[in-house]
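**Student:** Got a structure for you, written out below as structure tokens; questions coming shortly.
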Amino acid sequence: MMTDTGFTKPSDILIVDDTLANLRLLTGLLMQEGYSVRPVPEGRLALKSALAQPPDLILLDIVMPDITGFEVCVELKAHDETRNIPIIFISALNEVFDKVHAFAVGGVDYVTKPFQTEEVLARIKTHLSLTISQKRLQEQNILLQQEIQERRQAETALQQRNAQLAFLAHVSQMFSSSLELPQVLKTALTEIQPLLRVISASFWLLSRDRAELVCMEAIGPNIENIMHWHLNIGEGITGWVAQQGKSVIVQDTRLDSRHIKAVDEQSGMEVRSMISIPLCVKGEVIGVLNVVDEKPGHFSPEELLLLEPIAAAAAIAIENARLYATAQQEIAERVEAEQALRSAHHELQQMLDNLQRTQTQLIESEKMAALGQLIAGIAHEINSPLGAIRSSIESIAATLSNNIERLPEFLLALSPERREQFFQLVRYAQSKDQLLSSCEERQYVRDVCEMLAELSPQDPRRIASMLVNMGVYTAEAFSAVLPLLRESEYQNILLYAYHLAGLHESTQTIMMATERASKVVFALKNYARYDHSASMVDANVLDGIETALTLYYSQTKHHIQIVRQYQDIPTVCCFPDELIQVWANLIHNALQAMSYHGTLTIQAEQQNNEIVVAITDTGVGIPAHLLEKIFEPFFTTKPPGEGSGLGLDIVKKIVEKHCGSIQVTSQVGQTTFAVRLPMTQP
1 MMTDTGFTKP SDILIVDDTL ANLRLLTGLL MQEGYSVRPV PEGRLALKSA LAQPPDLILL
61 DIVMPDITGF EVCVELKAHD ETRNIPIIFI SALNEVFDKV HAFAVGGVDY VTKPFQTEEV
121 LARIKTHLSL TISQKRLQEQ NILLQQEIQE RRQAETALQQ RNAQLAFLAH VSQMFSSSLE
181 LPQVLKTALT EIQPLLRVIS ASFWLLSRDR AELVCMEAIG PNIENIMHWH LNIGEGITGW
241 VAQQGKSVIV QDTRLDSRHI KAVDEQSGME VRSMISIPLC VKGEVIGVLN VVDEKPGHFS
301 PEELLLLEPI AAAAAIAIEN ARLYATAQQE IAERVEAEQA LRSAHHELQQ MLDNLQRTQT
361 QLIESEKMAA LGQLIAGIAH EINSPLGAIR SSIESIAATL SNNIERLPEF LLALSPERRE
421 QFFQLVRYAQ SKDQLLSSCE ERQYVRDVCE MLAELSPQDP RRIASMLVNM GVYTAEAFSA
481 VLPLLRESEY QNILLYAYHL AGLHESTQTI MMATERASKV VFALKNYARY DHSASMVDAN
541 VLDGIETALT LYYSQTKHHI QIVRQYQDIP TVCCFPDELI QVWANLIHNA LQAMSYHGTL
601 TIQAEQQNNE IVVAITDTGV GIPAHLLEKI FEPFFTTKPP GEGSGLGLDI VKKIVEKHCG
661 SIQVTSQVGQ TTFAVRLPMT QP
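If you're matching positions, the sequence shown starts at 1 in UniProt numbering and goes up one per residue.
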């Protein structure tokens, strides 16, 4: 309604007139035109009505007993919520003075009584349209100002970003011009200090044991006082940044409890503001860049954004500068790693011994009884990776014993170019990830022998076999190491490279074996753990099922085919440890029913507000007359001494504790246990 004024709903008009005849006349007239009308017979009541619910337009009489229309208008114009409401005066006063006064107090129009209805309606429509147009214009102006401001900000940001990218490109080019660590650090600080107009800047790098930071380079006054100074991780703002891996702007160090005043005393100047940025390579903190000034509030977030990519480029340059000197360091770390691996081997052996000693104590409950049956398989699953770890450690020890003393002398005897080619050969061997079949390996050995023909080496087949084992069996890879093969000492070069590659392969074997043992121990821990907090949590039942399957891996890996039919299901509110016992018990029963030969199918899906897990075996089946008894306490179909008869009773109680249900269907050659769990608890 009132589409000519643009309103989607009736315009709200407040009529104020103490003459009831006029009030009724105007009310009826405007309601016929589709307006929403509020008639008010006196001025003070009109003020309350307008302030409580501002109308779209007011028709206001001037002469009223309690308060004049002029006074009502002045009062309305004094309030923000009613100031812009158009007010049309309707009065019998026809003096010019009255009309002028009406416009002076804020009226937009003046109609003299007696009035023509067409005139009143026309003026009302005109002023409503003007009001709407003004509102739209104001909204458009606001949007336009916002757009102008956003474009200016975008242009400014673009200019700043272009300048930052240009500077970053310049700094990165300077970083790449040197691989000497002191020169790299000095170059970075020399560029940063004038850029941010700061008094001092410094690089702090983590020690080898990552326990402390050392000031490796600084620029500014009294730098000799802080060079090679040590800070513990977490100590001061610098230590905090290294520990947390987060950049920080400190506008006033006096207000930051992390700041250490001893730093000021050591440097001979009071640091008031600073930016501290972690230096990260592949997600790992290797040091900290500090930029400081004597004035508080010197730095802005924009300067931090500028420094962070510079710090990232500096971190890469620092890491590149370190690579050349890492050969001997890596050997020393491998010696330390050998001791750590021996310790891990000892701990795993102790864990296995503890598991075996605990086996006799696991009959106190049905859960522990089932765990006792699993110990032998778990022991085998842990012993296998332990054997791999032991063998790899012996290989590492033998390689280090035979080569560590002669390796530095061997490397120094090589020219820089041959040394880089030697390391390239080692990298080929370390990066190979393709396992070759015997047939493929024999073919590659023949191919490499043909490539070696022009060199006429002694025992070319042995050399070809070594190269293939190190991943050098393509023409491209062979071309890269060909200069080494032309050296008179090529056999020693290949042997050293082969032994270093063997160290890497042994460590990879240890890592995979440790991961397998860790997975088995983790599954065992989850099964054996009991959460005494007695509170439910949201968990994915698939995780518990996989934990149970891990425990039974040794019993299923040879003659059991496991079919997983999992849907993408949501979490359920549950006791995860207790549900693991449910899955383990049902899987154990299924394996026994099949005599550990057959197919185990596990389905998991969402049905309405429930998660349904169905475990199906291809065993002998359960006779129909026993199906109603299998959940009864102490009922078992196994021979005496092989089962307590409490397993399925415990399973049923746990499921019912979760407000769920369990059903069983069986026929010859197939038995299915279906567990239904609500996704939320009542």
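Glycine included, C-beta positions come from ideal geometry on N, C-alpha and C.
Just so it is clear, the structure is predicted and the values come from calculations on it, not from any experiment.
In the DSSP output, which residue or residues are listed as bridge partners for residue 666?
**Tutor:** Working through the sequence shown from its first residue, we reach residue 666 at position 666. 671.
**Student:** May I ask which residues mark the beginning and end of the alpha helix (DSSP H) holding residue 477?
**Tutor:** Counted from its first residue, the sequence shown places residue 477 at position 477. Looking at the DSSP string, the run of the alpha helix (DSSP H) that includes residue 477 is 475-485.
**Student:** Count Cβ pairs between the region 443-450 and the region 460-467 that sit closer than 8 Å; are there 3 or more?
**Tutor:** Yes, the region 443-450 touches the region 460-467.
**Student:** Excluding five sequence neighbours on each side, which residues of the same chain lie with their C-beta closer than 6 Å to the C-beta of residue 94?
**Tutor:** For the purposes of this step, residue 94 is taken as residue 94 along the sequence shown, with counting starting at 1. Closer than 6 Å at the Cβ level, and outside the excluded window around residue 94, lie 112.
**Student:** Taking just the CA atoms, how far does residue 634 sit from residue 641?
**Tutor:** Locating residue 641 in the sequence shown gives position 641, where the first residue counts as 1. Locating residue 634 in the sequence shown gives position 634, where the first residue counts as 1. Its pLDDT being 49, under 50, residue 641 is placed unreliably in this model, and the value from its coordinates should be taken loosely. The straight-line gap from Cα to Cα measures roughly 12 Å.
**Student:** DSSP state of residue 563, grouped into three classes?
**Tutor:** If you number the sequence shown from 1, residue 563 lands on position 563. It is a strand residue.
**Student:** What is the DSSP secondary structure of residue 527, reduced to helix, strand or coil?
**Tutor:** The count along the sequence shown starts at 1 and reaches residue 527 at position 527. Caution is warranted here: a pLDDT of 49 is assigned to residue 527, below 50, making its placement in the model unreliable, and no coordinate value can be reported.
**Student:** Express the C-alpha separation of residue 206 and residue 146 in angstroms, rounding to a whole number.
**Tutor:** Start at 1 with the first residue of the sequence shown, and residue 146 comes out as number 146. Start at 1 with the first residue of the sequence shown, and residue 206 comes out as number 206. If you take the alpha carbons of residue 146 and residue 206, they lie about 48 Å apart.
**Student:** Do you know whose CA, among 316, 559, 97, 220, lies nearest residue 271's CA?
**Tutor:** Numbered from 1 along the sequence shown, position 271 holds the residue referred to as residue 271. Checking every option, the nearest Cα to that of residue 271 belongs to 220.
**Student:** Among 143, 326, 620, 292, which residue has its Cα nearest to the Cα of residue 197?
**Tutor:** Position 197 of the sequence shown holds residue 197. When only C-alpha atoms are compared, the closest one is 292.
**Student:** Any heavy atom of the ligand MG closer than 6 Å to the beta-carbon of residue 482?
**Tutor:** Ligands are entirely absent from the displayed structure, and the ligand MG is therefore not among its contents.
**Student:** With distances taken between CB atoms, is the gap from residue 56 to residue 129 smaller than 7 Å?
**Tutor:** Start at 1 with the first residue of the sequence shown, and residue 56 comes out as number 56. Start at 1 with the first residue of the sequence shown, and residue 129 comes out as number 129. No, Cβ-Cβ distance for residue 56 and residue 129 is not below 7 Å.
**Student:** Just to confirm the assignment, what range does the beta strand (DSSP E) spanning residue 213 have?
**Tutor:** Start at 1 with the first residue of the sequence shown, and residue 213 comes out as number 213. Start and end: 212-219.
**Student:** So the beta strand (DSSP E) residue 287 belongs to, where does it begin and stop?
**Tutor:** Position 287 of the sequence shown holds residue 287. From DSSP, the beta strand (DSSP E) with residue 287 extends over 284-293.
**Student:** Can you find the residues in the same chain that come closer than 7 Å, C-beta to C-beta, to residue 14, ignoring five residues on each side of it along the sequence?
**Tutor:** Along the sequence shown, read from residue 1 onward, the residue named residue 14 stands at position 14. The answer, listed in chain order, is 38, 40, 46, 49, 50, 55, 58.
**Student:** Considering only their Cβ atoms, is the gap separating residue 245 from residue 285 smaller than 7 Å?
**Tutor:** Taking the sequence shown and counting its residues from 1, the one referred to as residue 285 is at position 285. Taking the sequence shown and counting its residues from 1, the one referred to as residue 245 is at position 245. In this structure, residue 245 lies closer than 7 Å to residue 285 by Cβ.
**Student:** Is the distance from the Cβ of residue 500 to the Cβ of residue 572 below 7 Å?
**Tutor:** Position 500 of the sequence shown, counted from the first residue, corresponds to residue 500. Position 572 of the sequence shown, counted from the first residue, corresponds to residue 572. Result no, Cβ atoms of residue 500 and residue 572 do not sit closer than 7 Å.
**Student:** Inspect the beta-carbon positions of residue 616 and residue 598 and report whether they are closer than 7 Å.
**Tutor:** The residue you call residue 616 lines up with position 616 of the sequence shown. The residue you call residue 598 lines up with position 598 of the sequence shown. Contact flag unset, no.
**Student:** Apply the 10 Å Cβ neighbour rule to residue 415 and answer buried if 16 or more other Cβ atoms are within range, or exposed otherwise.
**Tutor:** Here residue 415 refers to the residue found at position 415 when the sequence shown is read from its first residue. Exposed, by the Cβ-count rule.
**Student:** I'd like to check one pair, residue 428 with residue 471: are the Cβ atoms closer than 7 Å?
**Tutor:** Walking along the sequence shown from the start, residue 471 turns up at place 471. Walking along the sequence shown from the start, residue 428 turns up at place 428. Contact flag set, yes.
**Student:** State the Cα-Cα distance for the pair residue 108 and residue 154, rounded to the nearest angstrom.
**Tutor:** Locating residue 108 in the sequence shown gives position 108, where the first residue counts as 1. Locating residue 154 in the sequence shown gives position 154, where the first residue counts as 1. So the alpha carbons of these two residues sit roughly 42 Å apart.
**Student:** Taking the alpha helix (DSSP H) that residue 31 belongs to, which residues open and close that run?
**Tutor:** To locate residue 31, count along the sequence shown from 1; it is residue 31. Note, residue 31: alpha helix (DSSP H), 20-32.
**Student:** Quick one: what's got a C-beta closer than 7 Å to residue 422's C-beta in the same chain, skipping five residues either side?
**Tutor:** For the purposes of this step, residue 422 is identified with residue 422 of the sequence shown, where counting begins at 1. Here the set comprises 414, 484, 493, 497.
**Student:** So is residue 652 buried or exposed if we call it buried at 16+ other beta carbons inside 10 Å?
**Tutor:** Here residue 652 corresponds to residue number 652 of the sequence shown, with the count starting at 1. Per the 10 Å Cβ criterion, buried.
**Student:** Which one or two residues does DSSP pair with residue 89 in a beta bridge?
**Tutor:** Within the sequence shown, the letter at position 89 stands for residue 89. BP columns for residue 89 point to 60, 110.
**Student:** Are the Cβ atoms of residue 86 and residue 131 separated by less than 7 Å?
**Tutor:** Here residue 86 is taken as the residue at index 86 of the sequence shown, counted from 1. Here residue 131 is taken as the residue at index 131 of the sequence shown, counted from 1. Contact: yes.
**Student:** Select from 589, 439, 351 the residue whose C-alpha is nearest the C-alpha of residue 636.
**Tutor:** Residue 636 sits at position 636 when you count from the first residue of the sequence shown. It is 589 whose Cα lies nearest to the Cα of residue 636.
**Student:** Go ahead and label residue 458 buried or exposed: buried means 16 or more other beta carbons lie within 10 angstroms of its beta carbon, across all protein chains shown.
**Tutor:** To locate residue 458, count along the sequence shown from 1; it is residue 458. Looking at its Cβ environment, which holds fewer than 16 other Cβ atoms inside 10 Å, residue 458 is exposed.
**Student:** Decide if the region 313-321 is in contact with the region 231-239; the criterion is three or more beta carbon pairs, one per stretch, under 8 Å apart.
**Tutor:** These segments do not touch.
**Student:** Hey, how far is the Cα of residue 683 from the Cα of residue 559?
**Tutor:** In the structure as shown, the chain starts at 1 and stops at 682, and residue 683 therefore has no counterpart that could be examined.
**Student:** Given a cut-off of 7 Å on the beta-carbon distance, is the pair residue 587 and residue 614 in contact?
**Tutor:** As a working mapping, residue 587 is identified with position 587 in the sequence shown. As a working mapping, residue 614 is identified with position 614 in the sequence shown. Contact: no.
**Student:** Which term fits residue 654, buried or exposed, when burial requires 16 or more other beta carbons within 10 angstroms of its beta carbon?
**Tutor:** Along the sequence shown, one-based indexing puts residue 654 at 654. Residue 654 comes out buried.
**Student:** On the three-state DSSP scale, how would you describe residue 722?
**Tutor:** Past the boundaries of the shown model lies residue 722; the chain is included only from 1 to 682, so the question cannot be answered.
**Student:** Between the beta-carbon of residue 171 and the beta-carbon of residue 139, is there less than 7 Å?
**Tutor:** The residue labelled residue 171 in the question sits at position 171 within the sequence shown. The residue labelled residue 139 in the question sits at position 139 within the sequence shown. It is not a contact, given that the beta carbons lie outside the stated cut-off.
**Student:** For a test of the three-state rule: what should DSSP assign to residue 209, helix, strand or coil?
**Tutor:** Here residue 209 corresponds to residue number 209 of the sequence shown, with the count starting at 1. In the structure shown, residue 209 sits in coil (DSSP, three-state: anything other than H, G, I, E or B).
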